[in-house]
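> Just so you know, we're using my numbering here: the first sequence kicks off at 52 and counts up by one. In this text, a Cβ means the ideal position worked out from N, Cα and C, and glycines have one as well.
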Amino acid sequence: MEHTSANPTGPLHVGRARNPIIGDTIARILKKAGYDVSTEYYADDMGKQAAILTWAVETLKDIREPENTKEDHRLVGYYQAANRHMEEDERVKEEIEDLLYRCEHGDAGALQKIKDTCQRSLQGILETMERLNIGYDRITWESDFVLNGDVSAVVDMLKSSRYAVEEDGAYYLNLEEFAGEFKIHGRSARVFFQRNDGTSLYPTRDMAYHLDKINRCDIALNILGEDHKLQSKQVVIGLSIILNERARAEKNGWCFEKGCIEPIFYSFVTLPEGKMSTRSGRVVFIDDLLDEAKIRALDEVRKRRTDISEGEMDDIAELVGTGAVRYNIIRVQADKKMVFRWEDALNFEGGSAPFVQYSHARAKSILRKAGYASLDSEVDYKHLSSLLKDEAEIALIKELNRFPDVIRDCTNGRKAHPLASYAQSVASAFNQFYRYVPVLRGNGEERAARLVLVDATAIVLAGILDTLGIVAPERM
RNA sequence: GGGCUCGUGGCUUAGUCAGGAUAUAGCACUGGCCUUCUAAGCCAGUGGUCAGGGGUUCGAAUCCCCUCGGGCCCGCCA
């Protein structure tokens with residue numbers, strides 16, 4: 052599962068938040084379904100953006116770095132300034148192009164410089180991800196494929212194919228032959244893979260990377276913005292040419308003998324006033340959203356708890372705030388556009404993570420008060436379950452039973468949002484049960500039976516939340 | 001110009017792939033419920049020609065065709 056893969060040139064904004072959250076959640080779902088999943092971040096340290104940032108860090112000395120912040124926020128000012136310099140001065144552009152040229156031709160010093168800068172920025176991004184409970188099994192650097200010769204091998208194979216066309220010293224593939232099955236026509240069917248100065252282009256390096264990926268797994272999942280739809284097809288066709296094997300279309304993607312490539316696309320997140328843009332300042336950074344969510348959550352905790360320490364309130368606020376952010380993003384079907392609104396992102400009521408977390412905390416609270424430990428082999432559960440006859444009990448049991456079906460549905464369709472809906476259904480069913488069926492005041496076997504149901508609910512809610520990458524609190 | 005995608009109450013959204021009975025929730029709004037296991041909760045109510053039109057079908061939000069509207073892509077950027 053490849054996800055996030057944002058250029059490490061600055062902090063991630065909310066417009067990019069869908070990628071890691073969808074990727075991480077689907078990875079968790081697939082693990083739940085029994086797949087062996089490995090996640091990775093494909094970091095671009097070869098492209099123009101990376102070169103621009105590196106040039107700026109080396110050259111510009113008058114940038115005021117913000118203090119008390121993460122590396123990604125410290126560096127973004129350089130990136131913004133470099134873009135302005137580039138527009139005003141042709142020589143800047145040339146210097147950056149020269150840096151790229153040296154990288155592409157294996158200049159170890161130049162490559163190392165860019166990688167160092169990107170690594171600093173990536174460090175900040177990874178910290179944000181960690182806060183969202185998102186980690187990576189592997190970071191794959193784009194430059195590795197230049198250094199190990201994979202990119203030039205891809206270029207050679209493409210050049211020697213009958214699809215290659217030369218134009219003013221540059222090369223592109225004519226993909227018209229694939230037009231029918233891939234629905235690419237006209238200009239879309241021309242994809243350049245080498246510049247006239249001999250350097251490679253992004254699709255070329257992406258082909259090398261995908262070749263590497265399908266040698267390492269059976270299914271290569273890839274979370275991409277909808278702007279990458281055409282590019283994704285071009286990579287698959289490129290691989291068809293290189294492997295001399297037509298990719299066959301399957302439900303979730305394309306397959307070769309070696310393995311499948313399955314892109315998962317999502318639409319962009321915009322602000323009510325339009326598209327986010329770091330340069331214009333019309334942007335909400337994920338870090339700021341998480342901070343604000345925590346502040347809001349802390350207010351709510353203070354309103355209702357006076358019996359716990361500041362430290363515990365802070366912990367609860369953090370897990371409620373980050374949970375709310377993850378839930379708000381994962382609840383919407385990936386291919387529907389999203390408009391970011393603070394009021395939705397910070398909603399802690401119905402249709403939110405805190406609603407589900409609260410139900411879990413309530414269940415745990417009952418179990419604590421009852422001194423309930425865990426399942427006991429001495430107990431006749433079949434008999435106990437026959438005592439659960441109340442409408443609310445039956446409805447809750449039926450709801451809990453759906454968990455495997457929901458995981459299966461999400462797995463088959465490579466989607467995560469049904470799990471968010473399911474979380475609401477379970478929490479809602481439990482809240483109704485909670486309101487109408489007394490557990491602790493029940494007598495004898497009835498009480499025992501209800502405690503088991505509460506325990507089952509807590510287990511399912513914790514399972515759902517864990518799969519959503521959200522913490523299930525013992526108390527709130 | 002070509003291709004992809006979305007369009008469900010005031011707002012957000014499920015259901016669309018595998019067509020079935022009064023279309024799912026949430027937010028907002030109105031009115032109730034804390035001497036009961038945490039009210040981040042529960043109950044009741046208002047609100048929808050499922051973008052529009054045509055077709056297939058005993059039956060369409062769902063399948064097919066057309067139209068309209070939003071988004072995205074078609075670069076020797078990534």
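Give, in chain order, every unbroken run of the alpha helix (DSSP H) that is at least 4 residues long and sits entirely within the segment 420-476.
Here the runs fully enclosed are 432-436, 442-452, 454-464.
> Secondary structure at Y222, three-state DSSP: helix, strand or coil?
In the first sequence, residue 222 corresponds to position 171, counting from 1. In the structure shown, Y222 sits in a strand (DSSP, three-state: E or B).
> Is it right to say P455 is buried, meaning 16 or more other beta carbons lie within 10 angstroms of its own, or is it exposed?
Residue mapping note: residue 455 aligns to position 404 of the first sequence, counting from 1. That one is exposed.
> Just to confirm, are L519 and I359 a CB contact at a threshold of 8 Å?
As a position in the first sequence, residue 519 is number 468, starting the count at 1. As a position in the first sequence, residue 359 is number 308, starting the count at 1. The answer is no: Cβ separation not under 8 Å.
> Within a Cβ cutoff of 8 Å, which residues of the same chain sit near L13, ignoring the five residues on either side of it in sequence?
Shown here, the chain extends from 52 to 527; a query on residue 13 therefore has no answer.
> Mind checking which residues open and close the beta strand (DSSP E) that includes Y92?
Walking along the first sequence from the start, residue 92 turns up at place 41. Residues 91-94.
> Taking the straight line between their C-alpha atoms, what separation do you get for V242 and I265?
Walking along the first sequence from the start, residue 242 turns up at place 191. Walking along the first sequence from the start, residue 265 turns up at place 214. Using only the alpha carbons, I get a separation of about 22 Å.
> Using 8 Å as the Cβ pair cut-off and three pairs as the minimum, do the segment 84-101 and the segment 186-198 touch?
Touching, yes, given that three or more Cβ pairs across the two stretches are closer than 8 Å.
> Going by DSSP, what residues sit across from I515 in a beta bridge?
Along the first sequence, one-based indexing puts residue 515 at 464. I515 pairs with nothing; no bridge assigned.
> Going by the CB atoms, is the gap between G186 and P62 shorter than 8 Å?
Taking the first sequence and counting its residues from 1, one reaches residue 62 at position 11. Taking the first sequence and counting its residues from 1, one reaches residue 186 at position 135. In this structure, G186 does not lie closer than 8 Å to P62 by Cβ.
> Straight-line CA distance for A230 to D506?
In the first sequence, residue 230 corresponds to position 179, counting from 1. In the first sequence, residue 506 corresponds to position 455, counting from 1. The alpha-carbon atoms of A230 and D506 are separated by roughly 56 Å.
> In whole angstroms, what separates the C-alpha of S203 from that of Q245?
For the purposes of this step, residue 203 is taken as the residue at position 152 of the first sequence. For the purposes of this step, residue 245 is taken as the residue at position 194 of the first sequence. When rounded, the distance between both Cα atoms is 10 Å.
> Could you check what DSSP says for L268 in three-state terms: helix, strand or coil?
For the purposes of this step, residue 268 is taken as the residue at position 217 of the first sequence. In the sequence under discussion, the amino acid at residue 268 is Cys, which differs from the Leu named in the question. Here C268 sits in coil by DSSP.
> Would you decide whether E444 is buried or exposed? Buried here means 16 or more other CB atoms lie within 10 Å of its CB.
Residue numbering aside, residue 444 sits at position 393 when the first sequence is read from its first letter. Buried is the call here.
> May I have a chain-ordered list of the beta strand (DSSP E) segments no shorter than 3 residues that lie completely inside the segment 78-123?
DSSP runs (the beta strand (DSSP E)) wholly in the segment 78-123: 91-94.
> Does the count of Cβ pairs from the segment 311-322 and the segment 279-286 closer than 8 Å reach three?
At 8 Å Cβ cutoff, the stretches touch.
> Pull the bridge partners of N273 from the DSSP assignment, please.
Residue mapping note: residue 273 aligns to position 222 of the first sequence, counting from 1. Beta-bridge pairing links N273 to E53, P314.
> Just checking my contact of I274 with G74 at CB under 8 Å: how many whole Å lie between their CB atoms?
What you label residue 274 is simply residue 223 of the first sequence in a count that begins at 1. What you label residue 74 is simply residue 23 of the first sequence in a count that begins at 1. That belief holds up - the Cβ atoms of I274 and G74 are roughly 4 Å apart, short of 8 Å.
> In angstroms, rounded to a whole number, what distance separates the CA positions of N58 and A404?
The residue given as residue 58 occupies position 7 in the first sequence. The residue given as residue 404 occupies position 353 in the first sequence. Whole-angstrom Cα-Cα distance: 29 Å.
> Looking only at its chain, what residues have a beta carbon closer than 8 Å to the beta carbon of A446, apart from the 5 residues adjacent to it on each side?
Translated into the one-based positions of the first sequence, residue 446 becomes position 395. Counting only Cβ-Cβ distances below 8 Å, and skipping sequence neighbours, we find A480, Q483, F484.
> What residues in its chain sit with their C-beta under 7 Å from that of Y409, if we drop five residues either side in the sequence?
Residue numbering aside, residue 409 sits at position 358 when the first sequence is read from its first letter. The residues are M527.
> Which one of Y130, R347, R377 has the shortest CA to CA distance from M364?
In the first sequence, the residue the question calls residue 364 occupies position 313. Answer by Cα proximity: R347.
> Determine which residues share a DSSP beta bridge with W305 and list them.
Sequence index remark: in the first sequence, residue 305 carries index 254 (1-based). Its beta-bridge partners are A300, I312.
> Could you pull the start and end residues of the alpha helix (DSSP H) that Q285 belongs to?
For the purposes of this step, residue 285 is taken as the residue at position 234 of the first sequence. Note, Q285: alpha helix (DSSP H), 280-294.
> Rounded to a whole number of angstroms, what is the C-alpha to C-alpha distance between G128 and L104?
Position 77 of the first sequence holds residue 128. Position 53 of the first sequence holds residue 104. Whole-angstrom Cα-Cα distance: 9 Å.
> Let me know if L198 comes out buried or exposed under the rule of 16 or more other beta-carbons within 10 Å of its beta-carbon.
Counting from 1 along the first sequence, the entry for residue 198 is found at position 147. With fewer than 16 Cβ atoms within 10 Å of its Cβ, L198 is classed as exposed.
> By Cβ distance, which residues of its chain are closer than 8 Å to Y223, with the 5 residues on each side in sequence left out?
Position 172 of the first sequence, counted from the first residue, corresponds to residue 223. Contacts found: A215, V216, R241, V242, F243, F244.
> Span of the beta strand (DSSP E) holding L242?
By 1-based counting over the first sequence, the position of residue 242 is 191. Going by the sequence as given, residue 242 is Val instead of Leu. 241-245 is the span of the beta strand (DSSP E), which, as asked, contains V242.
> Within its chain, find whatever has a CB closer than 6 Å to the CB of Y423; leave out the 5 residues flanking it on each side and keep chain order.
Against the first sequence, residue 423 aligns to sequence position 372. Taken in chain order, the residues that qualify are L502.
> Rounding to the nearest angstrom, what Cα-Cα distance links A221 and M258 in this structure?
Taking the first sequence and counting its residues from 1, one reaches residue 221 at position 170. Taking the first sequence and counting its residues from 1, one reaches residue 258 at position 207. Distance between the alpha carbons of A221 and M258 is about 18 Å.
> Which stretch, first to last residue, makes up the beta strand (DSSP E) that contains R189?
Stepping through the first sequence from its first residue, residue 189 is reached at position 138. From DSSP, the beta strand (DSSP E) with R189 extends over 189-192.
> Count the other CB atoms within 10 Å of the CB of A107; is the residue buried (16 or more) or exposed (fewer)?
What you label residue 107 is simply residue 56 of the first sequence in a count that begins at 1. Flag for A107 reads buried.
> Need the endpoints of the alpha helix (DSSP H) that V202 sits in, please.
As a working note, residue 202 is residue 151 in the first sequence. Start and end: 201-210.
> With three or more beta-carbon pairs closer than 8 Å as the criterion, would you say the segment 289-302 touches the segment 348-357?
Flag = no, the segment 289-302 and the segment 348-357 do not touch.
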